[in-house]
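Heads up, the thing below is written out as structure tokens.
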Amino acid sequence: MQDYREFLEEILITEADLQKRIAELAQEIDKDYIGEDLHLVCILRGGILFLADLMRHLKTPNTIDFMAVSSYGAGARQTTGQVRITMDLKEDINNRNVLLVEDIVDSGYTIASVVEFLNMRHPKSLKVCTLLDKPERREVEVAIHYRGFTIPNKFVFGYGLDIDEYYRNLRFIGAVNPNHYQPPD
Ligand code: PRP
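Residue numbering for the sequence shown follows our numbering, starting at 925 and increasing by one per position.
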């Protein structure tokens, strides 16, 4: 696997800035759910680092669950608009305060579809929390209630986001220089 330093164009968001903003988001969320419980639904796989850090800051009593959807064709970086559930939630969300936790909203198809699927199960409330928002790429309108950072239309990686499934463990968000990136064999 190639060393990311060979294709890193720039660090868009440092580890310190990520952690500071995530703590702020948790405070915003806590303010809105006073006296309530929160059920955090993480969309695999990109959202796991964000979920883990966000929940450590939350004071609101919370539970977690996971779901996976496929929004992209194998290996493709273009959205198809076709979203299907590949792994469903373990628990019923009926009458619960659900907060969807995502790493990035790009075209918006993933989150729009998940909101549609989950609303059919009659949660008490359903809100969206995304670490990154790339509005220039939006193709479908979605309501974002909590947003970490608005980012430019660059191919980003790290902190949960992959390139060809690698580099999710990096602690910062970087932008790729495509001329210097070599896909794994
Ligand atoms: C990425 C990301 C979001 C989605 C956003 O997931 O984690 O779920 O794409 O794109 P959209 O707004 O255009 O729908 P991906 O399908 O790459 O899976 P991963 O989280 O497992 O990397």
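For every residue, glycine included, the Cβ atom is placed at its ideal position computed from N, Cα and C.
Query	Result
8 Å contact criterion, which Ile1028 and Leu1055 should meet: CB distance rounded	7 Å
From Thr987, Ser1031, Thr1034, residue whose alpha carbon lies closest to that of Val1015	This sequence places Glu at residue 1015; Val is not what is there. Nearest C-alpha to Glu1015: Thr987.
heavy atom of ligand 1 below 7 Å from Val1100 C-beta	no
Per-residue burial, Glu1026 [other beta carbons within 10 Å of its own, 16 or more giving buried]	buried
Nearest-angstrom Cα separation, counted from Tyr1033 out to Arg1061	11 Å
Separation of Ala947 from Pro985, as counted between CA atoms	16 Å
Short Cβ contact (8 Å threshold) for Met1066 with Ile1035	Per the sequence shown, the amino acid found at residue 1066 is Val instead of Met. Their beta carbons are under 8 Å apart, which means Val1066 touches Ile1035 by this criterion.
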